[in-house]
Amino acid sequence: MKKTLLIIVSAALIIISSCRKDVGKVQATDSVPCGTVSFAQEINPIITQKCLSCHTQSYVCGSLEDYGTVKTKVDNGTLVDKVEKKLMPPSNPLSDSEIQLIKCWVNDGAKNN
Ligand code: HEC
135 MKKTLLIIVS
145 AALIIISSCR
155 KDVGKVQATD
165 SVPCGTVSFA
175 QEINPIITQK
185 CLSCHTQSYV
195 CGSLEDYGTV
205 KTKVDNGTLV
215 DKVEKKLMPP
225 SNPLSDSEIQ
235 LIKCWVNDGA
245 KNN
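For our numbering, count along the sequence shown from 1 and bump the result up by 134.
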């Protein structure tokens, strides 16, 4: 009987400690600066792939075709807002890691790097 209890307790401890690690990871990326994210190498490819089917120069809702037009949407606050709430792209939202990457880039000043 005691042995069973011991097994249950240790199993619970293992599960709890593995959960803790996950929580720690999420907090780390949220609170710690995430390092340099490159517009040319990391952000622009996501936008090219996921946004330019609609957001070209002639598009009424605004172009996202180059750094300047993307920066305008960063500065007016709409880019992070739409992406974070998974409203953009409309039917196929970005993955959590892509969203995190965009937020890191914006928090770091949305540089043309
Ligand atoms: C299927 C077409 C489509 C795709 C793909 C798409 N959008 Fe949009 N986008 C729209 C439409 C339509 C609107 C206007 C409606 C709205 O604001 O919700 C819009 C509006 C926006 C706005 C607000 C513009 C403003 O100034 O108010 C932002 C920012 C935006 N999109 C960013 C993105 C980003 C970033 C992506 C890719 C990750 C993306 N969109 C992909 C169709 C699209």
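Each residue gets a CB set at the ideal place from its N, CA and C atoms; glycine is no exception.
With a cut-off of 8 angstroms, do at least 3 Cβ pairs link the region 205-221 to the region 229-246?
yes
Could you pull the start and end residues of the alpha helix (DSSP H) that E232 belongs to?
D230 to N241
Taking 8 angstroms as the threshold, find out whether the region 177-194 comes into contact with the region 218-227 through three or more Cβ pairs.
yes
Same chain only: Cβ atoms within 7 angstroms of E232, ignoring 5 sequence neighbours per side:
I180
CB-CB under 8 angstroms to Y201, same chain, minus the five flanking residues each way: which ones, in chain order?
F173, N178 and N246
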